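Position 56, counted from 1, in the sequence shown is what UniProt numbering calls 56; the numbers after and before it change by one each time, with no gaps. Where is the CB? At the ideal position from N, CA and C, for every residue including glycine. Treat the numbers as computed from the prediction; the structure is a model and nothing was measured. Have a look at the structure below before the remarks.
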Amino acid sequence: MPAIDAPTQFIETNGRRLAYRTLGEGQPLLLCTRFRGNLDCWDPAFLDALAAAGFRVITFDYSGLGLSSGTATYNPFMMANDPRDLIEALGLREVVIGGWSLGGLVAQVVVALHATHVSHAVLLGTTPPGPIVKPAEELFFTTAAREVNDFEDEVILFFEPRSPESRAAARRSADRIAARTQDRSPPVPVEFARANLSSDHAAPIFPALPVLEALRATTVPILHIAGDHDIIFPVENWYALNGTLPTVQLLTYPSAGHGPHHQHPEASAQHIAAFVRTTSRRAAAT
């Protein structure tokens with residue numbers, strides 16, 4: 001079953017109902033979505049390529065957003081309860097925890113606090129915790145706060161507007177996402193999203209030093225996939241930590257932005273599969 005046809009399912013856990021979708025068979029890969037994201041913000045080509053690579057791909061709506069019930073929050077420490085509870089409720093083991101943008105912060109908290117059943121982490125266009133060397137561009141805040149983001153906004157937010165190839169990839173990705181016309185998840189309320197944008201645009205978006213310390217000590221292999229011009233979470237902040245994060249591998253696509261896995265869905269899936277296949281917690285600990 002392709003991603004655009006995967007039915008929405010629900011599971012009751014710890015007092016709320018979480019909406020999720022699953023496709024493929026194999027090692028579970030649980031994906032945490034981005035700021036203002038829901039079940040329908042993932043490129044189906046990326047999800048299908050992951051399933052074809054041997055993963056059971058699971059996407060979900062955060063508590064209180066989309067089709068999930070409960071209390072909505074954009075605090076990554078509280079949001080991490082959703083993937084933690086899904087792992088337990090679905091009986092998942094040896095989970096690859098993945099996260100895009102804000103979801104990457106959530107995935108890092110899972111690695112730091114709830115890694116019992118986690119084998120690997122895959123981070124997509126996100127930021128490391130703690131101090132940063134390069135802040136987000138002002139263009140992100142003005143674009144992300146608009147009530148409705150049109151195609152040009154999506155090019156700005158997730159691709160590289162100066163690259164014709166990236167623009168063409170953006171068009172293809174948007175068309176694939178729009179191909180699902182039924183059983184869609186409601187958009188995140190713009191008022192909720194705006195209220196969670198920082199007023200200090202130069203400050204670190206994830207000033208979580210305990211998580212940074214946990215990443216410095218973890219044995220969980222971590223892959224970060226980025227574009228070379230991410231206006232939200234510049235990849236330079238990861239390279240500034242070279243030599244201090246013992247399990248982190250960095251992959252950076254040229255002429256790409258905040259959604260590298262949407263610009264290069266099949267290649268990103270293949271990189272993730274190779275990373276999971278060739279690394280392990282045991283190897284990282286030695």
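The C-beta distance from residue 124 to residue 225 rounds to 5 Å, short enough to fall under 8 Å. For residue 101, same chain residues with a beta-carbon under 6 Å away, outside a window of 5 residues either side, are 34, 35, 125 and 126 in chain order. Distance between residue 160 and residue 169, taken at the CA atoms: about 10 Å.
Between the beta-carbon of residue 242 and that of residue 128 there is about 11 Å, and that puts the pair past the 8 Å contact cut. Secondary structure of residue 100 (DSSP, three-state): strand. Residue 5 and residue 244 have their C-alpha atoms roughly 42 Å apart. Nearest Cα to residue 137 within the set 98, 221, 175 and 234: 234.
According to the DSSP secondary-structure assignment, residue 9 is paired through a beta bridge with 20.
In the displayed model, residue 239 falls within a helix according to three-state DSSP.
In chain order, 265, 266 and 269 place their CB closer than 6 Å to the CB of residue 49, counting only its own chain and leaving out the 5 sequence neighbours on each side. Using a Cβ distance threshold of 7 Å, residue 109 and residue 80 count as a contacting pair. When the five nearest sequence neighbours on each side are left out, the beta carbons in the same chain lying within less than 6 Å of the beta carbon of residue 14 are those of 85, in order along the chain. With fewer than 16 other Cβ atoms from the protein chains shown falling within 10 Å of its own Cβ, residue 151 counts as exposed.
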